[in-house]
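Q: Quick one: this structure, given as structure tokens, is what I'll be asking you about.
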Ligand code: GLU
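Numbering (the numbering used here), first residue to last: 110 to 407.
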């Protein structure tokens with residue numbers, strides 16, 4: 110099978126070195142393995158996506174020496190399919206309407222924590238669990254959440270094959286832990302989808318075999334595996350790569366590492382300088398494209 114890699118930036122800011130590292134790993138891994146390299150613009154948040162930022166991203170990536178297949182998929186063209194997937198999950202009774210705003214949730218959480226002197230549970234990404242039974246269904250606007258308990262009912266144990274290192278250097282067969290997550294949002298109030306939902310649908314649509322992205326998304330993979338199972342989507346291999354962190358002792362905001370690629374270009378950096386600044390090397394490449402046969406699931 111020809112490996113298919115992708116880089117999927119959100120056009121609500123400029124590319125930084127962390128993005129450059131991710132893009133380079135995907136592009137060079139595709140090149141070394143005879144695979145394909147696709148680009149996807151994750152612009153579901155139309156209030157923050159900017160056309161000039163998309164242009165800038167494409168320009169920076171081309172300047173870095175990357176080549177990708179066209180046309181480039183934009184998530185903003187796919188709202189119908191996202192809504193269809195939410196409808197499918199709703200028909201399976203796996204969703205509910207959640208009316209509380211982010212502000213109301215955080216007010217509820219601080220009141221709970223002050224009153225009970227204990228922490229309210231949180232998702233692996235730090236977001237508080239949704240207080241479903243404290244909902245105030247009298248407001249017109251709502252988001253759609255996945256009913257996690259219901260979704261996990263009748264779902265077999267899930268996992269994925271990790272070729273990266275992940276947090277705590279986890280690699281190989283990983284046990285997915287979607288139960289650590291609350292009722293994740295699958296349809297945001299403002300855009301009728303969410304990162305989790307659109308990413309799994311589009312990785313499937315584009316036939317991505319190797320999802321290579323930053324280690325900060327390692328725990329989200331449990332949610333993605335669950336959604337892939339519920340929506341009958343194929344299981345890719347995952348690789349969560351190192352994040353670029355500043356160890357110089359300077360605050361990230363003051364260091365060179367925090368500058369955008371376009372600013373570094375203006376200051377005279379070359380594409381090779383960017384590769385060096387990311388510390389990009391052969392060790393970063395993803396050359397194992399599949400789950401080894403001996404651990405393959407039957
Ligand atoms: N659009 C996401 C970001 O820019 C990447 C999502 C992914 O690679 O799964 O962080």
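By construction, the Cβ of each residue, glycine as well, lies at the ideal position given by its N, Cα and C atoms.
Note that the structure is a prediction, hence the values are computed from the model and not measured.
Indicate whether residue 253 and residue 195 have their beta-carbon atoms separated by less than 8 Å.
A: yes
Q: Applying the 10 Å Cβ sphere with the 16-neighbour rule, what's the burial state of residue 187?
A: buried
Q: Among the candidates 112, 397 and 308, whose CA atom is the shortest distance from the CA of residue 274?
A: 397
Q: What residue ranges within the region 292-378 form continuous alpha helix (DSSP H) runs of no fewer than 4 residues, ordered along the chain?
A: 304-314, 329-339 and 370-375
Q: By the three-class DSSP mapping on this structure, what secondary structure does residue 407 have?
A: Confidence at residue 407 is low in this model, with a pLDDT of 46, below 50, so its placement is unreliable and the value that follows should be read with caution. In this structure, residue 407 counts as coil in the three-state DSSP scheme.
Q: Compute the beta-carbon to beta-carbon distance between residue 229 and residue 257, rounded to the nearest angstrom, for a pair I have assumed lies under 8 Å.
A: Not a contact, Cβ separation roughly 16 Å.
Q: Suppose contacts are defined by Cβ-Cβ distances below 8 Å. Is residue 387 in contact with residue 133 by that definition?
A: yes
Q: Whole angstroms are fine: how far does the CA of residue 399 sit from the CA of residue 331?
A: 19 Å
Q: Is the beta carbon of residue 318 closer than 8 Å to that of residue 104?
A: Here the chain comprises residues numbered 110 to 407, so residue 104 is not present and cannot be evaluated.
Q: Alpha carbon to alpha carbon, what distance is there between residue 301 and residue 199?
A: So the two alpha carbons sit approximately 13 Å from each other.
Q: Determine the burial state of residue 284: buried for a count of at least 16 other Cβ atoms within 10 Å of its Cβ, exposed for fewer.
A: exposed
Q: Would you list the one or two residues that DSSP bridges to residue 111?
A: BP columns for residue 111 are empty, so no partner.
Q: Given 8 Å as the limit, is there contact between the region 172-190 and the region 198-212, that is, 3 or more CB pairs closer than that?
A: no
Q: With DSSP as the reference, please indicate the residues paired to residue 138 in a beta bridge.
A: The partner list for residue 138 (beta bridge, DSSP) is empty, contrary to what the question assumes.
Q: In terms of residues, what are the limits of the beta strand (DSSP E) holding residue 204?
A: 204-207
Q: Compute the distance between the beta-carbons of residue 259 and residue 203, then report whether it is under 8 Å.
A: yes
Q: Would you kindly work out how many angstroms separate the C-alpha atoms of residue 129 and residue 220, rounded to a whole number?
A: Cα atoms of residue 129 and residue 220: separation of roughly 42 Å, rounded to the nearest angstrom.
Q: Less than 7 Å separating the Cβ of residue 119 from some heavy atom of the ligand GLU?
A: yes
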